[in-house]
Structures are given as structure tokens and as C-alpha cells.
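Chains as they are written, first to last, in the numbering used here: chain G, 7 to 275; chain Y, 46 to 326.
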């Protein structure tokens, strides 16, 4: 679905933001990208959407080279919810905001209406249907940008720091939404510093540092590597720290507190 | 102890909004306390912060009742100029508050606006830069810095004003985990060194419980919980208000019910692991 082959990207000022990235993401995979501020995570994501083109190497999305495809064509395939929702909200009302891209992509009016209602309901934004997006709280704006993207049903969904401004209930819903997307065959890329949010998703984890990929594997494998994570300024999930501090333990870290409790209570009997 | 911040039955409604954003809110924060403000997104946290730093009612008009006092002075009766010297505000996104050509000029910006004499300004800028350990950045352009560095620069600008109260609005949300932990340590050290009081809006409690004296939870504009991190996180209600109970605390809470872990204090992951091993042996 997405294929980076030895991609290097150098900014106009000479700073190398991506340095030899090779990465293949299959359709239906959920991939978390983590790493320090300035590691190149957002730059990488912008290569998937075609907003940035590699200085050298190639990026294929759906087997098409992003250098020879227009951003407009790519945007039908790849939906991104950027870090700062203010960069992508501009309509007079929340429903207009959602309908905008749908109309642009040529959806018929009845489908536009259906998708708008679906999205507003999914993200708990119905009461704001007629309101200006500007009156929404930071967390609500983030949810609106996500609703807008999911409405046109792109094959690849990219979420850049989706948990900013979200409370625990919204984060749990977001975990549910990402799982739902994964189970319907969508490719989901989540860029996040919120390790505690990522952990229950058990995604494939890609760790970036200084424009390179320093680790890539299942969450349980990657999150177990304490020193590697520290050098990339990433923290271990609390339950992994807990697991590693135990002298006697099962084969792999606990995904949630309930699982840990069952294991501990089993040992008590 | 003297209360540095007092909210007395504060209510506020934005024009054209059908309901109040803040409802009959009472709060007392003593000098040197670190209070975390949590609650569902859209519950009125940002409005409450604006009422503390004076943006409400000085910049946002609306229906206001009750009172907010900082260091004994009513926010409504104080000028923004006076408030700027008592209350510091760090925005979620540091790019909203740094814009000068060099870090040093940025840190000095607030003081320049107040017309602080040059020698005094120099001293306070140097002190703030030193406290945040950004001497090496002082001649750099803020826009070239990493997000974590920008956050430090913005906080240095706040500190140079020597506020007694600093408000942080989701300060860790854009920082990588290690940088976020460093910011939390910085809050602890500023409180210790300068006695600064902090009100922090934060959803990632796993980071903050270490330094928080209290967690105040709001819902639909009203205060619904107010207690020590242990009391709030061990209580039954926190989940319902969207408070992120850290995974290890969640586990401790379950184990405590079965007598396998203490319930009088919060344990770190390592502490909980050693408790479990002792009990299991």
C-alpha cells in the first residue's frame, strides 16, 4: 500500500529531515510512529500525502509514485488529520466543514448528508452541527477533522497526534475507531507521543530518530527495548515498566491492567 | 497558608451561548501548590483559565458573576498590565507566544512591554534563561528550535515576569515523552526554588501525578472532584469524568481491593512490581 525506498529529504536550508527511509506498510496495517521532537515523523507523513516529494528515493502509494501524482489525486486515497486542527478548518458551520471535501470529491447530495450525519454522530459532535467550527474546544476540533476525513473513506488514514486535547473517554473511543478502521482493511498511521494511548492498540511500532528508522516491529517487541527507546527519547508504557520490574513473569508484557491482575491473582492461588 | 488564588462562585456565559461555560465554581489554591485541572474535553477548562489570567472579562465579554482573586486582588478590578506580573500563562502551542528574532529578545518581550529598566531587565532575562538551562540557545532564532526547546523559551519568557502563579495549558501534549518528563521535573524544581504556584490543565496524568498536590476535576462547567491524586484516582467517579487513570494506578486499585497492594498512596510501576513480588512470595 505504502512503500518508501531509501527516501532522503533535505529542506531548502540544507537540514536533512529524512535520511535513508525504507518502509513498507501493507493494506490494513496499523502503524504507530514514535520518536523525539524533530525526528522527522511529520515529514515522513507528508511524503505519504505527496505534500512533500523525496529529494532522493521513491515513495509509492497504491503502487503509484507520489512524484508523478497530483496531491489532489492522492488526497482521495490518503486522509490526514494534522496536528493543529486550525490549519484545516475554515467553513462557516461544522456540517459545511464536513460536506466540503465530500462535494469536492463529487459525492451526490444524499450521500453527503448521510456521511455528515454519520461522522457527527460517531464523534459526538451532533449538537454543534450548525455552529461555527471556531466555537469548538481544541479536542472537539481534532475530532471534527477526523470525522471529515473518515467521511470520504480514504484507504489510508493518517492521524498526527490525535490525542491532544482528548480526555480518557474520547481516547478510548479513538482506540475503538482505529480498531474499527483496521478491521475494515484501512491502513492507519498514527503519529503520537502518547505512548499510554498507543499501547492498548498493540500496533506495529516504528521508532524514528534524526530522520532514520531505529526500530520497527510489534509493540511488545519494540516497547521492551528500554535503552533503544530512551536514546530516541521515548518512554516505555507503564505496564511494560511494571512487567520488566517483576522477577518472575509471563512470556510477554501485559496489554492492560486487567490482564496483569489475572496473572498476579493466578500466582496467588 | 494564604490562598494565592481564590475563585468564589464564578459563573461565565459567552454571548450567544445557550449554557454557562463555568458554573458556580469555588476553588482555593495556596501559594506553592501544584494543582492539576482535568475533565472531559469541552468541559470549560480553557474558560476557567481565561478567567484566572484575566482574558475573561477583559478581552472576552459575556455574563460574569462571582469573583476571581489572585494574591488578594480581584481579577475583574485589576488591569491586564498588573495581572501580567502576577499570572503567567503558557499556551499549549509555544508557537503562539514566541515570535522575536532571538531567544533572548523573546524572553525579554514581556518586560520590555512593561517598561522595566534595562539593568533589571538584563538580570531577569539572564535569571530565567539560567533557570531553564537554555543559555546555549539565547542567540538562536526561536523558529529554528525544536518543540521542546520552544516550550522552554516560552516558559522562560513567562518566568522573567516573575509571576507568583503560572498556568500551563496541556504543556506536554506536543512534547516527546522524555521532554515531557523533563518539563514535569522543571515544574517541581521551580516550585521548590521559587515557591511558584502552578495550575496545570493536563490529560496525561501518568506524567503529572508525580508533582501534583491536588487534582480538580470539572464537568459541564462545574467542579465535581477536588482531592489528592490518590483520592481522586482511587475514587469510583474519576472514570466517569474522563480522567485518565494511569495504567499502573488502575492495576494498583484492582490489587488493593484484594488486599494485594496498599491503597493509601500511589505507587510507581517499579514500586508496584516489588509489592506484588513480596505478597506473592
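Beta carbons are placed, not taken as given, at the ideal position from N, Cα and C, and that holds for glycine.
Cβ shell of residue i (< 7 Å), same chain only, five flanking positions each side left out
i: residue 47 (chain G); result: 39, 41, 197 and 214
i: residue 243 (chain G); result: 201, 202, 205 and 229
i: residue 60 (chain G); result: 13, 14, 15 and 53
i: residue 106 (chain Y); result: 60
i: residue 140 (chain Y); result: 195
i: residue 232 (chain Y); result: 79, 243 and 256
Reduced DSSP category for residue i - H, G, I as helix; E, B as strand; rest coil
i: residue 1 (chain G); result: In the structure as shown, chain G begins at 7 and stops at 275. Residue 1 (chain G) is therefore absent and cannot be evaluated.
i: residue 22 (chain G); result: strand
i: residue 9 (chain G); result: strand
i: residue 326 (chain Y); result: Any reading at residue 326 (chain Y) must be qualified, since the residue scores a pLDDT of 47, below 50, and its modelled position is unreliable; the value itself is stated next. Correct three-state label for residue 326 (chain Y): coil.
i: residue 289 (chain G); result: As shown, chain G starts at 7 and ends at 275. That puts residue 289 (chain G) outside it, with no answer to give.
i: residue 95 (chain G); result: coil
i: residue 273 (chain Y); result: coil
i: residue 289 (chain Y); result: coil
i: residue 218 (chain G); result: strand
i: residue 28 (chain G); result: strand
i: residue 248 (chain G); result: helix
i: residue 73 (chain Y); result: strand
i: residue 134 (chain G); result: helix
i: residue 118 (chain G); result: helix
i: residue 40 (chain G); result: strand
i: residue 142 (chain G); result: coil
i: residue 87 (chain Y); result: coil
i: residue 268 (chain Y); result: strand
i: residue 266 (chain G); result: helix
Residue range of the unbroken beta strand (DSSP E) whose run includes residue i
i: residue 215 (chain G); result: 210-215
i: residue 51 (chain Y); result: 48-58
i: residue 164 (chain G); result: 162-166
i: residue 112 (chain Y); result: 108-115
For residue i, the first and last residue of its enclosing alpha helix (DSSP H)
i: residue 129 (chain Y); result: From DSSP, residue 129 (chain Y) is part of no alpha helix (DSSP H); its letter is neither H nor E.
i: residue 264 (chain Y); result: No alpha helix (DSSP H) contains residue 264 (chain Y), which is instead part of the beta strand (DSSP E) from 259-264.
i: residue 76 (chain G); result: Taken as a continuous stretch (DSSP letters only), residue 76 (chain G) belongs to no alpha helix (DSSP H), as it is neither H nor E.
i: residue 169 (chain G); result: Careful: residue 169 (chain G) lies outside any alpha helix (DSSP H) and carries neither H nor E.
i: residue 188 (chain G); result: 174-189
Proximal chain Y residues relative to residue i, where beta-carbon distance stays under 8 Å
i: residue 174 (chain G); result: 248, 284, 287, 288, 289 and 290
i: residue 170 (chain G); result: 137, 215, 218 and 219
i: residue 252 (chain G); result: 318, 321 and 322
is_contact[residue i, chain B] using C-beta, thresh 7 Å
i: residue 223 (chain Y); result: Absent from the structure is chain B; the protein chains it does hold are G and Y.
Chain-ordered neighbours of residue i on chain Y, where CB pairs are closer than 7 Å
i: residue 200 (chain G); result: 249
i: residue 143 (chain G); result: 86, 87 and 91
i: residue 239 (chain G); result: 221, 222, 223 and 224
i: residue 267 (chain G); result: 296, 299 and 300
i: residue 244 (chain G); result: 251, 291, 292, 293 and 314
i: residue 263 (chain G); result: 292, 295, 296 and 299
Neighbouring residues, chain G, relative to residue i (Cβ below 7 Å)
i: residue 339 (chain Y); result: One cannot answer for residue 339 (chain Y) here, as it falls past the ends of chain Y, which runs 46 to 326.
i: residue 193 (chain Y); result: 43
Contact set between residue i and chain G, taken where Cβ atoms lie within less than 8 Å
i: residue 104 (chain Y); result: By Cβ distance, chain G contributes nothing, its closest Cβ being about 16 Å from residue 104 (chain Y), past 8 Å.
6 Å CB neighbourhood of residue i in its chain, flanking five on each side removed
i: residue 326 (chain Y); result: Note that residue 326 (chain Y) scores 47 on pLDDT, short of 50, meaning its location in the model is unreliable and no value can be drawn from it.
i: residue 218 (chain G); result: 25
i: residue 320 (chain Y); result: 306
i: residue 45 (chain G); result: 214 and 215
i: residue 108 (chain Y); result: 58
Residues near residue i by beta carbon distance below 8 Å, same chain, minus five either side
i: residue 180 (chain Y); result: 174
i: residue 273 (chain Y); result: 258, 259 and 260
i: residue 82 (chain G); result: 111, 158 and 160
Neighbouring residues, chain Y, relative to residue i (Cβ below 9 Å)
i: residue 216 (chain G); result: Here the premise fails: no neighbours, minimum Cβ distance about 12 Å.
i: residue 247 (chain G); result: 293, 313, 314, 315 and 318
Validate contact between the region 177-185 of chain G and the region 250-260 of chain Y using beta carbons, cut 8 Å, 3 pairs: no
Cβ pair count under 8 Å reaching 3, the region 206-220 of chain G against the region 270-280 of chain Y: no
Segment contact flag, the region 61-69 of chain Y with the region 258-278 of chain Y, C-beta cutoff 8 Å, min 3 pairs: yes
At least 3 beta-carbon pairs within less than 8 Å: the region 127-145 of chain G vs the region 84-102 of chain G: yes
contact_flag[the region 118-137 of chain Y, the region 162-176 of chain Y] where n(CB pairs < 8 Å) is 3 or more: Contact check between the region 118-137 of chain Y and the region 162-176 of chain Y: fewer than three CB pairs, one atom from each, fall below 8 Å, which does not count as touching.
Three-pair Cβ contact test at 8 Å for the region 293-307 of chain Y versus the region 94-108 of chain Y: no
Cβ contact check for the region 164-172 of chain G and the region 81-99 of chain G: 3 or more pairs under 8 Å: yes
The region 178-193 of chain Y contacting the region 220-236 of chain Y, beta-carbon criterion three pairs below 8 Å: yes
Cβ contact check for the region 117-130 of chain G and the region 149-163 of chain G: 3 or more pairs under 8 Å: yes
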